[in-house]
Amino acid sequence: MTEQHSQYYVPTQSPWPIVGAFGFFLVAVGAGTLVAQLSQTGEAGWGQMVLMAGLFVLFIMMFGWFKDQIQESRVGLHNQQLGISYRQGMSWFIFSEVMFFGAFFGALFYARMISVPWLGGASNNVMTGEILWPGFEAIWPLTTTPAGNTTQAMGYWGLPLINTLILLTSSVTIHFAHTGLEADKRKQVAWMLGFTILLGSCFLALQVEEYIHAYQDLGLKLDSGVYGNTFFLLTGFHGMHVTLGTLFLIVIFFRILAGHFSADNQFAFQAASWYWHFVDVVWLCLFVFVYIL
Amino acid sequence: MGRQFSFILALFSFLHSSSIFANEAVGRSNLNLRAGVTDISHQVFDLHMTIFYICVAIGIVVFGAMFYAIIFHRKSKGVKAANFHESVKVEIAWTIVPVIILVVMAIPATKTLIAMEDPSESDLTILVTGSQWKWHYKYLDHDIEFYSLLATPSEQIQGKWLKGDTYLLEVDKPLILPTNKKIRFLMTSDDVIHSWWVPDFAVKKDANPGFINEAWTRINELGIYRGQCAELCGKDHGFMPVVVKAVSESEFNQWITDKKAEKAAAEAEEKRLLAMNMTKEDLMAEGESVYNGYCSACHQPNGMGLPGAFPALVGSAIVAGPAQDHIKIVLDGKNGTAMQAFAKQLTLKQIAAVVTYERNAWGINSGELIQPKDVHQLMQNQ
Amino acid sequence: MNTITQTAPTHADEHHHGPAKGIKRWIFTTNHKDIGTLYLWFAFIMFLVGGAMAMVIRAELFQPGLQIVEPHFFNQMTTVHGLIMVFGAVMPAFTGLANWMIPMMIGAPDMALPRMNNLSFWILPFAFLILLSSLFVEGGGPAFGWTFYAPLSTTYSGDSTALFVFAVHIMGISSIMGAINVVVTIWNMRAPGMTWMKMPLFVWTWFITAYLLIAVMPVLAGAVTMVLTDKYFGTSFFNAAGGGDPVMFQHIFWFFGHPEVYIMILPAFGIISTIVPTFSRKPLFGYSSMVYATASIAFLSFIVWAHHMFTTGMPVFAELFFMYCTMLISVPTGVKVFNWVATMWRGALSFEVPMMFSIAFIVLFTMGGFSGLMLAITPVDFQYHDTYFVVAHFHYVLVTGAIFSLIAATYYWLPKWTGVMYDIGLAKLHFWCSLISVNVLFFPMHFVGLAGMPRRIPDYSIQFANWNQIISLGGFAFGLSQLIFLALVIKACRKKGDPVPDKVWDGATGLEWEVKSPAPYHTFTTPPEIK
Ligand code: HEA
Ligand code: HEA
Ligand code: CUA
Ligand SMILES: [Cu+2]
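First to last, the sequence lines map onto chains A, B and C.
Residue 225 in my numbering sits at position 219 of the first sequence, with consecutive numbering throughout.
Residue 393 in my numbering sits at position 113 of the second sequence, with consecutive numbering throughout.
Residue 481 in my numbering sits at position 58 of the third sequence, with consecutive numbering throughout.
This is the structure in structure tokens:
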């Protein structure tokens, strides 16, 4: 390697960050306005437009940014140290995502182990149960809220179990995609990636199915008390992450087809696969704590 | 008790001499915590002073050493810097010693806390309910309940009248409690979180909507004790005082008897009203006072509300529309908004009057009169 | 301490250009120094804006009665003052220092992820634009306290709440990206020989702070998300009728909130640990115990959150647990204070302006720490909670703690940034005015708090009148004193002053003093080697 290559690559000026910041601005203003307008009038107003524009700007930004990045990488400006930076950055980003899910798991545990029992009169809340919610029975899943709304619980047989198997399989396929890349078997990489994407999409489709089932057959809705709340927010945010992960994989898939990546230049590939493993693990926790227990 | 503390700060005392009278009126020091009038509040006060003195002592040692260095180890005095930069022994010492100090503090704190959190074997139970922005008290053993509202006139708040000694710390109906009895409080709320606080009892407990917290006190001295809501609860959080009047047991029993008689009389009056029609003048006069007491905090004295937060009544479709809907929203409130249900808070007459008032004040002049029986009928139908 | 064997090239080589011209330099930049400067100026402007709101608060509280603002607007001022100072002033200011100093201190050419660095910054002005403009929405801006307790922030809040939620979301994204950048820079960009235990303490404290940020900012995002869905989408996380609990909000918020307050003080500890040895001309006492103490504080900060919630009706054992853990934090913090004093002990002290602010920090922060310890004692906290005693506590640790450390840092490194010595006369004036007025401002808050004045009220009973008047006067004086600082910094930035040598302070150690003053646009493009 030449002297220049072992130097840490500090990019010169770039327009993408400010474009991204502006995109975030539009998204925040748009989403904030949209939500308020929906609640006031029941209809989406100009907020929706701004939100869309913001998402579009963010998309442009990602596209441009990654294009530059890929360009630099292919030209050989990146050295090993930069690769380490990217990997560490990605892993701490995933850690922050874990903490984000942690907040919702925390809410789930709190509701199960503290607020629902207390509303039923446990711990130092005997009078809460006696005076405020006399007929309330503290059970989990909370199928009848203290206010009296009823719903049905979501079992783990059927769709959820199938989904678990799907995601577990996809974990295996992405792993083989990775070993393929290490061994420079590009066909294997492409096939395995393709499988993973397919499995991810199946997962999402079944998840939609499950939501329809919940809404139509079980009467389990976003607003049916804290059981429904935790159920939909946890699975919903997970679903969002699976969607992003799948998109990420699709990009990688096309880059593989275009001949990108090699055993020692594969950061984006690795990042995608880490991300995928992360959504897998979250799902396992979900499956255990939301569905089974 | 807070003497020594005040003494340290005697330097400042001239600054507050003018407020001494005010303090006499509400019985408060304006430098330090008060020892209060219960055994627990005394314990709390002692604990407070103990920790305070410990902190002062540590401060003197630490800052003393530092200022010694500042004065004597100056470069300008030609001091050459030493070069030590660690000492395991010293470092272990100043880790252990603070731990010991903390243990010394934690022991009495634990004892006091455990005593404070034990409301069992009480003689009297009061259900305290916060709602924007007033307190409701219910004597569970006696079937007596009432709201307690800020009594300071708005002219004093607006600076038009001179402020009294108990400015913002006065209510129309104080909570009456007997001395020397263990009183259990059950705290809850109708809307947001409030916090019921009387410094002299060292009782501060949050009133959480949908949950009931417990606290207790045993008052040793007769007197009037004042406190305030201590959790941000919206616009008029600062105008939600707590006033407790501690009376002797016999006086308390007398008060209970009177209250019950009062209640019976009020019920009879309600019945009587149902059979008759009130005049417009009566309704409007009553309505105005109810409006200013219960509604104007949100909808504003001029009925214009605060756009975005509280709707204007002037020009409101509900106020202009059929009287039924108007009465209904006052009776039941509107779920999920700050508009609370007034059916339990106000009498038939008051509701009739305030609705009449809203439909005829501020230049609306619909000429419509709502009678208590109209309200009664509507309630019956539900 | 650290010497360079292979001197770094001080001029940019052919591949690196100097700064671009005009506005483009600032909006497209990837340079850690430019971004640091942006952060610092942004933070300073936010400090003035948040301070102006504090002035509204103090003006209204100047005397009893309602004079200037409506209660509803007063609550918005309190809320936005808290939010701006915490998220807009203190945190970005520390991030600005991190950007400027960390690469220079560890011998790195830049931050590890320079483009993302720029993105993290530029989100902030937009986020605060949203927050501030929400004040003009019908119904007003957020009025539920910076802690936005449910259900005041859900069912009972105004229409601008959604804007508030999304503004917090994007500023959270900014903080997380900033923190990841710091972590990766420190892990991966240290010059050869810059081992962990040779790192300057400022770097260490920021390293730990960055982990706190990555761990708790997402939790804040979770909290605002639940507020959003509770308010607008019918969920009932914080509503008993649906099986939730308003107190659950407080648990989630404070799980973020308590580490957050240490996020605002750990880098300050790093700054003081840098400045005190310089002007004592003596190495820092107990370097390794400083590192361990910082780590212990960070660890403990995750298990004390409920000390903000003693009055919410937790069971006794929980109250005791949180009381004990909270008290324990005094121990590592004490180690720090003792170490600073021991560093000064038998040093050759001199009292340049950064040192003056550092000494003020040590004394006044410790006082704030003492009142914190008093607050930790649960049975007594029942009396202190939600009174001005708490307000006094946190302004001592935040204003005379975090803000003073930031001012000290500015006076310490400003000559390195600009290449000229600032106006020392003005700086001393600034110090004395600030020191006196800040105590007139915050010390009496202890008294009114103990005497029973609740916080977050626009009007109070007349017994508190005199003290509040004094507090307000102190507040105006402190506010005006900061204008001296503003003038001084502008003057220095316009290079009005005597040029300084590379090593500005004779007792200073560290790589940043080995490069030219003002620091060249690119430093350490080839890493220095540290022995
Ligand atoms: C920089 C920010 C910062 C820092 C560093 C701290 C430090 C501490 N804080 Fe503070 N705190 C806040 C910011 C901060 N706090 C804020 C913003 C709030 C209010 C939030 C809101 O409600 O809006 C708050 C509120 C708050 C409360 C809640 C009060 C209430 O609402 O009722 C409590 C209770 O325990 C508390 C405790 C402590 C303790 C024990 C420390 C300790 O870390 C202090 C440790 C330091 C020392 C003790 C001094 C030095 C030590 C020695 C010299 C050693 C020897 C000493 C002994 C052995 C005693 N804080
Ligand atoms: C780092 C954080 C930080 C900082 C620096 C400050 C700085 C100040 N704070 Fe702040 N404060 C908080 C964090 C901070 N605060 C928090 C978290 C809360 C709780 C919020 C809540 O309850 O939700 C709070 C609450 C709070 C209250 C309680 C409000 C209430 O409970 O209702 C008060 C009251 O006096 C106050 C005052 C001040 C003052 C006078 C300053 C001064 O130091 C400010 C000085 C700076 C300036 C004044 C700006 C410079 C000058 C100009 C712009 C020129 C104009 C000047 C004049 C007209 C004189 N603050
Ligand atoms: Cu009720 Cu504050
Ligand atoms: Cu805390």
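Ideal placement from N, C-alpha and C gives every residue a C-beta, glycine not left out.
Short of 7 Å in beta carbon distance, which residues of its chain neighbour residue i, apart from the five on each side in sequence? Order them along the chain.
i	result
Trp569/C	Thr502, Gly505, Leu506, Val509
Lys851/C	Val776
Thr734/C	Phe805, His808
Ile433/B	In the sequence under discussion, the amino acid at residue 433/B is Pro, which differs from the Ile named in the question. The residues are Trp441.
Arg538/C	Thr453
Leu542/C	Met600
When we look at the beta-carbon of residue i and count the other beta-carbons within 10 Å, is it buried (16 or more) or exposed?
i	result
Glu775/C	buried
Lys193/A	exposed
Leu88/A	buried
Tyr348/B	exposed
Met612/C	buried
Met119/A	exposed
Ser724/C	buried
Val248/A	buried
Thr156/A	exposed
Leu643/C	buried
Tyr333/B	exposed
Asn522/C	buried
Ile698/C	buried
Tyr637/B	buried
Glu683/C	buried
Leu903/C	exposed
Asp223/A	exposed
Ser857/C	buried
Ile351/B	exposed
What residues of chain D sit near residue i, judged by a beta carbon separation below 7 Å?
i	result
Ile492/B	Structure shown: chain D not included; protein chains present are A, B and C.
Whose C-beta lies closer than 6 Å to the C-beta of residue i among residues of the same chain, with five residues either side of it excluded?
i	result
Phe784/C	Ile695, Phe827, Ser828
Ala646/C	Ile675, Phe676
Glu304/B	Because Glu304/B carries a pLDDT of 46, less than 50, the predicted location of this residue cannot be relied on, and no value is offered for it.
Gln213/A	Gly245
Phe551/C	Gly511
Met619/B	Gly613
Phe470/C	Ala512
Ile380/C	No information on residue 380/C is available, as it lies outside the stretch 424 to 954 that chain C covers here.
Among the residues of its own chain, which have a CB less than 8 Å from the CB of residue i, if the five just before and after it don't count?
i	result
Leu292/A	Leu240, Thr241, His244
Arg448/C	Pro442, Asp457
Pro166/A	Met160, Glu216, Phe293, Tyr297
Original post:
Closer than 9 Å, Cβ to any Cβ of chain C: which residues of the region 205-236 of chain A, in chain order?
Top reply: Lys227, Leu228, Asp229, Ser230, Gly231, Val232, Tyr233, Gly234, Asn235, Thr236
**OP:** Return the residues of the region 124-149 of chain A that lie within a Cβ-Cβ distance of less than 9 Å from chain B, sorted by chain order.
**Re:** Trp124, Leu125, Asn130, Asn131, Val132, Met133, Thr134, Gly135, Glu136, Ile137, Leu138, Trp139
Subject >> Contacting positions in the region 689-709 of chain C - beta carbon closer than 8 Å to chain B >> reply: Ser703, Arg704, Lys705, Pro706, Leu707, Phe708, Gly709
Subject >> Near-chain C residues of the region 174-191 of chain A (beta-carbon distance less than 8 Å), N- to C-terminal order >> reply: none
**OP:** Could you please tell me which residues of the region 243-261 of chain A, in chain order, have their CB closer than 7 Å to any CB of chain C?
**Re:** none
**OP:** Go through the region 142-226 of chain A residue by residue and report every complete run of the alpha helix (DSSP H) that reaches 4 residues or more, in order.
**Re:** 165-188, 192-219
Subject >> Residues from the region 664-680 of chain C in contact with chain A, defined by Cβ distance under 9 Å >> reply: Ala664, Gly665, Gly666, Gly667, Asp668, Val670, Met671, His674, Ile675, Phe678, Phe679
Original post:
Which residue spans inside the region 107-141 of chain A form an unbroken alpha helix (DSSP H) run of at least 4?
Top reply: 122-125
**OP:** Please list the residues of the region 642-666 of chain C that have a C-beta atom closer than 9 Å to any C-beta atom in chain A, keeping them in chain order.
**Re:** Val642, Leu643, Ala644, Gly645, Ala646, Thr648, Met649, Leu651, Thr652, Asp653, Lys654, Tyr655, Phe656, Gly657, Thr658, Ser659, Phe660, Asn662, Ala663, Ala664, Gly665, Gly666
**OP:** Note down, in chain order, all residues in the region 765-789 of chain C with a beta-carbon under 9 Å from any beta-carbon belonging to chain B.
**Re:** Ala765, Thr766, Met767, Trp768, Arg769, Gly770, Ala771, Leu772, Ser773, Phe774, Ile782, Ile785, Val786, Thr789
**OP:** Below 9 Å between beta carbons is the criterion; list the residues of the region 318-336 of chain B that meet it against any residue of chain A, in chain order.
**Re:** none
**OP:** With 9 Å as the C-beta to C-beta threshold (strictly closer), list the residues of the region 732-762 of chain C near chain A in chain order.
**Re:** Gly736, Met737, Pro738, Val739
Subject >> chain B contacts made by the region 466-497 of chain C, where a contact means CB separation under 9 Å >> reply: Gln486, Pro487, Gly488, Leu489, Gln490, Glu493, Pro494, His495, Phe497
Original post:
Using a Cβ cut-off of 8 Å, which residues of the region 607-622 of chain B contact any Cβ in chain C, in chain order?
Top reply: Gly616, Thr617, Ala618
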